[in-house]
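Here the structure comes first, spelled out in structure tokens, and everything after it is commentary.
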Amino acid sequence: MQKVLTEIKDFVKKVEYKAPLAPYTSFKIGGPAEVMVTIEKPKELETLIKFINENDLDYFVLGEGTNVLVSDKGYKGIVIKFGNSFTKIKTDKSTLIVGSATLLRSIIKKASESGLSGIEHLAGIPGSLGGAVKMNASAWETEISQAIIRIDGYNSQGEKIEYIPRESDWGYRKFKYEEIAFITSCSLRLNPFYYKRIKEKIDGVLAYRKSSQPANPRSAGCVFKNPRYFHAGKIIEKLDLKGYKIGGAQVSEEHANFIINLGKAKASDVNKMIEEIQARVLQKFGIKLELEIIKLGEF
Ligand SMILES: Cc1cc2nc3c(=O)[nH]c(=O)nc-3n(C[C@H](O)[C@H](O)[C@H](O)COP(=O)(O)OP(=O)(O)OC[C@H]3O[C@@H](n4cnc5c(N)ncnc54)[C@H](O)[C@@H]3O)c2cc1C
17 MQKVLTEIKD
27 FVKKVEYKAP
37 LAPYTSFKIG
47 GPAEVMVTIE
57 KPKELETLIK
67 FINENDLDYF
77 VLGEGTNVLV
87 SDKGYKGIVI
97 KFGNSFTKIK
107 TDKSTLIVGS
117 ATLLRSIIKK
127 ASESGLSGIE
137 HLAGIPGSLG
147 GAVKMNASAW
157 ETEISQAIIR
167 IDGYNSQGEK
177 IEYIPRESDW
187 GYRKFKYEEI
197 AFITSCSLRL
207 NPFYYKRIKE
217 KIDGVLAYRK
227 SSQPANPRSA
237 GCVFKNPRYF
247 HAGKIIEKLD
257 LKGYKIGGAQ
267 VSEEHANFII
277 NLGKAKASDV
287 NKMIEEIQAR
297 VLQKFGIKLE
307 LEIIKLGEF
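Residue numbers for the sequence shown follow our numbering, so the first one is 17 and each next one is one higher.
Here it is as structure tokens:
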């Protein structure tokens, strides 16, 4: 395995072995990846996918790691990140053509400066475009899906895909068209509007987030999906769990659906917290809380 993995250096320029993953996640938790590659050119990705298939290797595409909990044992596979060459934004009238590693924050800024409206409600969601599309990131009735008119990428066999998504491809926190394993860029169709009004909306959304979410940035946002008809946070609050600690992990005092890393939390602390909340909610309310965040590695 080790010998096979060292061969990656032959066709990808940026390769790191035993790469610590904690710095690449918002939780700031977790062990190393066996290998981490940063893709700067489509050719590198095409060759890597072929190599992965030939050697039957595990891989995970990591965006900004704002929705991921990495195991303390790390990940025994290849973590693939898209580098700076995938952070470009082109404007064509009311359409933005954006690289998948571009931060959502930069896209919202560019859209507002271009007098384009439609994604202001997503302000304050950390992460990259690729992650936002895979998760169908949303806030206040606005989903990223509403703006996406085209997705470019590759399937798991390394074939290039240009896809026009349909409404039925999108679910709650999920892009259901799984054929696209690697998103390289997307086109967003927005609506011309007044810069000042767009800016006001963004400022309002950011102010609300600041007042309702933890100041501690070491979290992955909402841990559980909202069950139908209920808010997961309100259910957890009813169990009086705000402020509850396991090791270095704590249920946020500000928002009960956030688990925060107080500084030295282990992934196992967060995982224990997840399991305890799920068990208590099931016992008290008969509701099975589903994870929104993604666990990576062995737990
Ligand atoms: C403080 C805080 C607040 C948050 N608030 C919200 C919110 O209001 N609404 C919301 O929806 N989410 C929220 N989130 C969660 C998170 O920010 C979003 O899900 C975000 O879109 C994830 O993007 P990412 O780049 O970090 O993806 P990651 O967490 O790195 O990955 C998420 C998924 O996307 C896949 N992926 C990433 N990039 C690519 C790519 N290029 N090609 C293929 N697959 C890819 C990964 O494999 C993984 O399955 C919040 C998180 C935090 C920390």
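A virtual CB, placed ideally from N, CA and C, is assigned to each residue, including glycine.
Could you tell me whether the segment 185-202 touches the segment 132-150, where touching means 3 or more Cβ pairs closer than 8 Å? yes
Taking 7 Å as the cut-off, does the CB of Thr-103 come closer than this to any heavy atom belonging to ligand 1? no
For Ser-130, I'd like the list of residues in its chain whose CB is within less than 6 Å of its CB, leaving aside the five on either flank, ordered along the chain. Thr-107
Please confirm whether any heavy atom of ligand 1 lies closer than 7 Å to the CB of Ile-310. yes
Closest by CA to Ser-42, which one among Thr-118, Glu-80, Lys-217, Lys-30? Glu-80
Going by the CB atoms, is the gap between Glu-308 and Val-239 shorter than 8 Å? yes
Among Ser-154, Ile-218, Asn-207, which one has its Cα closest to the Cα of Lys-190? Ser-154
Collapsed DSSP secondary structure at Gln-299 in the structure displayed: helix
Just checking Gly-147 against ligand 1 - is the residue's beta carbon closer than 7 Å to any of the ligand's heavy atoms? yes
Locate the beta strand (DSSP E) running through Phe-76, then write down its first and last residues. 75-77
Is the CB-CB distance between Leu-206 and Leu-305 below 8 Å? no
Per the DSSP calculation, Trp-186 is bridged to which residue(s)? Phe-191
May I ask whether a heavy atom of ligand 1 can be found less than 7 Å away from the beta carbon of Ala-236? yes
Tell me the residue span of the beta strand (DSSP E) that contains Ile-337. An answer regarding residue 337 cannot be provided, because it is not within the stretch 17 to 315 covered by the chain.
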